[in-house]
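Student: This note's numbering runs 447 ahead of the 1-based position in the sequence shown.
Pasting a structure below so you can have a look.
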Amino acid sequence: TIKISRKEHTKINFHKRQLEKFSKRFMQVGYKKPVHLGEFDIELYDAGHIAGSAITLVERVKAKNNKRIVYTGDFKMSPQFLHEGAKPVRSDVLIIESTYATREHPDRNKLVHDFIEGVREVTDNGGIALVPAFAVGRSQELLALLYEHGLIERTYIDGMAREATEIVLSNRGFIRNADALAKAANECNWVKDIADRREALQGGS
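Right, here's the structure in full:
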């Protein structure tokens, strides 16, 4: 956010001092481990979206009219290769993000099949399959799928996805099939400089 604001010459609403104050108040919390903050109890549940994503339950346990308030950002109920699906959390009040509320997503199995076949078709014909993906979550999912389908040797990983993959692998408790992702990361090609990037764009030749 700061980097973009500087490039676009827009106002930055927080600075280093605010970030330092924030870091001092930061608390690491695991899933299903209630935290007491004043009169409130807060508990996190796996949102099934990306590593560490959470659905938040807030309660005033000692209040006579206690309400279970559940807040969630992105979540996914159906399982992915690296994540179990989120489990429902009982609530009296539900606050939910709705970016894709009106969209019906295609069948995941068909998407995976079409993606793998598309990559194979391109590479078998001497082409280069360039796959833009979110650095956190999607890149790791695709990397693991390419490994599972025997396409990892000529795969190159670049940009923020490299660091994100290392962070995810250092927190394996937040994903499933971690060994497959680790093997994928070990066997793929990490783009570290311009020479590596040129090699990737030439199809590894």
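Built from N, CA and C at the ideal position, the CB exists for glycine as well.
Model, not experiment: these values are computed from the prediction.
When you compare the CB positions of Gly495 and Phe522, do they come within less than 8 Å of one another, or not?
Tutor: Going by C-beta atoms, Gly495 is nearer than 8 Å to Phe522.
Student: Quick one: Cα of Lys557 to Cα of Thr549, how far?
Tutor: Roughly 21 Å between the two C-alpha positions.
Student: Can you name, in chain order, every residue of its own chain whose Cβ lies under 7 Å from the Cβ of Val559, other than the five neighbours on each side?
Tutor: Result list for Val559: Leu592, in chain order.
Student: Using the C-alpha atoms, what's the distance from Glu506 back to Ser538?
Tutor: Spanning the two alpha carbons is a distance of roughly 10 Å.
Student: Roughly how many whole angstroms lie between the Cα atoms of Glu610 and Val578?
Tutor: So the alpha carbons of these two residues sit roughly 17 Å apart.
Student: Please report the distance separating the alpha-carbon of Gly574 from that of Asp643.
Tutor: Near 17 Å, if we compare the C-alpha coordinates of Asp643 and Gly574.
Student: Determine the DSSP secondary structure at Ile451, reduced to helix, strand or coil.
Tutor: It is helical.
Student: If you follow the beta strand (DSSP E) that Glu490 is part of, which residue opens it and which one closes it?
Tutor: Counting along the chain, the beta strand (DSSP E) containing Glu490 begins and ends at Phe487 to Asp493.
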